[in-house]
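Participant: Each number in the working numbering comes from the position in the sequence shown (counting from 1) with 300 added on.
Structure provided below as structure tokens; questions to follow.
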Amino acid sequence: FYASKDALYPSKKGLERRINWGWARVLPNSTQSLPRVISFNPRARLLEQAPLPELEELRGSILVQQSAEVSASAPLVARLPFRSSLRSETIVRFTLPQSNAILRVGFSPSPVFAWMESVGL
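Here is the structure:
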């Protein structure tokens, strides 16, 4: 996340809020991130960020919903309908492990899909 800019914008209720936009590295290029509301938590004495609530209105139907246990030796692969990954979000919920572990989510297009995208299919 880099080159972020923020400004004050009104909410639907007319209250002022700080919204942050930035750029995220998505290889091989970069992309503009979704807007985030920045607020100060006085109890914790730190800045917090959360997705802009209006983004909920953009959501459509669920394309793929999976629940599974995964391990390092057997990664979970979710197959999405063609081109749907260009305009979708992924929500991942982890249950904290009982011992130390590294949790990671990665996205990798199939070479066939990448070729189809490059020729406009």
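The beta-carbon is built from N, C-alpha and C at its ideal position, and this holds for glycine as well.
Should the segment 314-321 be regarded as contacting the segment 329-345, the criterion being three or more beta carbon pairs within less than 8 Å?
Facilitator: Yes, since at least three Cβ pairs between the segment 314-321 and the segment 329-345 fall closer than 8 Å, the two stretches touch.
Participant: Locate the beta strand (DSSP E) running through Arg343, then write down its first and last residues.
Facilitator: Taking the first residue of the sequence shown as position 1, residue 343 is located at position 43. Looking at the DSSP string, Arg343 is not in any beta strand (DSSP E), and its letter there is neither H nor E.
Participant: Closest to Tyr309 by C-alpha separation, out of Glu369, Ser399, Ala324 and Glu354, would be which residue?
Facilitator: Position 9 of the sequence shown, counted from the first residue, corresponds to residue 309. Answer by Cα proximity: Glu354.
Participant: Can Pro381 and Leu363 be called in contact, C-beta distance under 8 Å?
Facilitator: Your numbering for residue 381 matches position 81 in the sequence shown. Your numbering for residue 363 matches position 63 in the sequence shown. Yes, these two residues count as a Cβ contact at 8 Å.
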